[in-house]
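Have a look at the structure below, then the notes.
Residue numbers (my numbering): 185 to 472.
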């Protein structure tokens, strides 16, 4: 009986050890799975893991480059860190065209789970290959024309979202009085790339835009058309200044002219009135 029990105990030890290992790995695996969902819903619009840069940096190896505490603080409020002068946060902000990363109301545990996901995804070659942006197909004239109409609102978005020109402008004569509440988009493709702009439109990361398009997502056809239109604008205006540059230059010139006028007025008021010789002559005459 003891011999049988001993054999059973010996057989159970490896099983128990395996169970312990599984138990130790389960929390990390669970965090990675949760992080994958969060990454796809919050991060994929601007980042890849091994697929190269989009609007923001490639997150492959981010856990090796930054501490978890730093990543948590940056994700929760990157602008707070930038305003505080954190050198790494400022460097990222400057490198990526001063495009602010939205502040995400995520808990440290949720952000840690995203970090775990980047570790697991970074080791998966298939994930990296799938994330790498493919060259965009050449847009048709019809897609560009539709994108322009969607941008200005002459064709309504299928799900009732606001027209882009409500908040944005482009240097196009057909776009009259575009909005100035958000960034000018003439060179948006040049700044963020096709995939970056497509990702932003498909999975909006900015709080104000999220509110405006809540329950009103863009369709794939609309995204393709808008990207085609913006790509056309970028190609047509490479190296050109934004539309509001002339206004800014005029305002700056006017302000400079006012400053110079005031400075000359002060100098003129301090000028010498009359000649020195005349003053000497007047004193000599008065003394006789």
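Beta carbons: idealized from backbone N, C-alpha and C, even for Gly. None of the values given here were measured: they were computed from a predicted structure.
Could you give the C-beta distance for residue i and residue j, rounded to a whole number, given that I count them as a contact under 8 Å?
{"i": "residue 351", "j": "residue 365", "result": "4 Å"}
{"i": "residue 370", "j": "residue 417", "result": "5 Å"}
{"i": "residue 281", "j": "residue 375", "result": "5 Å"}
{"i": "residue 252", "j": "residue 296", "result": "6 Å"}
{"i": "residue 402", "j": "residue 385", "result": "5 Å"}
How about residue i and residue j: are their beta carbons less than 8 Å apart?
{"i": "residue 345", "j": "residue 397", "result": "yes"}
{"i": "residue 222", "j": "residue 294", "result": "yes"}
{"i": "residue 327", "j": "residue 232", "result": "no"}
{"i": "residue 353", "j": "residue 368", "result": "yes"}
{"i": "residue 473", "j": "residue 302", "result": "Nothing can be reported for residue 473: it is not among the residues displayed for the chain, which extend from 185 to 472."}
{"i": "residue 234", "j": "residue 329", "result": "no"}
{"i": "residue 355", "j": "residue 421", "result": "yes"}
Ordered along the chain, which non-local residues of its own chain (more than five positions away) have a Cβ less than 6 Å from that of residue i?
{"i": "residue 394", "result": "388"}
{"i": "residue 298", "result": "219, 222, 223"}
{"i": "residue 313", "result": "Any reading at residue 313 must be qualified, since the residue scores a pLDDT of 46, below 50, and its modelled position is unreliable; the value itself is stated next. None."}
{"i": "residue 266", "result": "273, 274, 277"}
{"i": "residue 211", "result": "Unreliable positioning characterises residue 211 in this predicted model, as indicated by a pLDDT of 45, which lies under 50. The coordinate reading is nonetheless provided below. Closer than 6 Å at Cβ, skipping near neighbours: no residue."}
{"i": "residue 229", "result": "383, 384, 387, 389"}
{"i": "residue 473", "result": "Missing from the structure shown is residue 473; the chain here goes from 185 to 472 and no further."}
{"i": "residue 206", "result": "Annotation note: pLDDT 39 at residue 206 (below 50); position unreliable, coordinate value reported separately. Hits under 6 Å: none found."}
Nearest chain C C-beta to residue i closer than 8 Å, yes or no?
{"i": "residue 336", "result": "Given the protein chain composition of this structure (a single chain), no chain C is represented."}
With a CB to CB cut of under 7 Å and the five nearest residues on each side skipped, what residues in its chain are close to residue i?
{"i": "residue 292", "result": "256"}
{"i": "residue 373", "result": "381, 414, 415, 418"}
{"i": "residue 283", "result": "239"}
{"i": "residue 320", "result": "378"}
{"i": "residue 412", "result": "323, 327, 328, 331"}
{"i": "residue 391", "result": "286"}
Excluding the five sequence neighbours on either side, which residues of its own chain have a C-beta within less than 8 Å of the C-beta of residue i, listed in chain order?
{"i": "residue 359", "result": "332, 335, 336, 349, 353"}
{"i": "residue 467", "result": "none"}
{"i": "residue 250", "result": "258, 272"}
{"i": "residue 254", "result": "272"}
{"i": "residue 200", "result": "Confidence in residue 200 is poor, its pLDDT being 42 and thus under 50, which makes the residue's placement too unreliable to answer from."}
Does the contact criterion of 3 or more C-beta pairs under 8 Å hold for the segment 281-290 versus the segment 245-264? yes
Closer than 8 Å is the cut-off here; do at least three beta carbon pairs connect the segment 238-257 with the segment 332-342? no
Runs of alpha helix (DSSP H) lying entirely within the segment 311-368, each at least 4 residues, in chain order: 325-336
Residue ranges of each alpha helix (DSSP H) within the segment 243-303, 4 or longer: 246-249, 252-260, 262-267, 271-279
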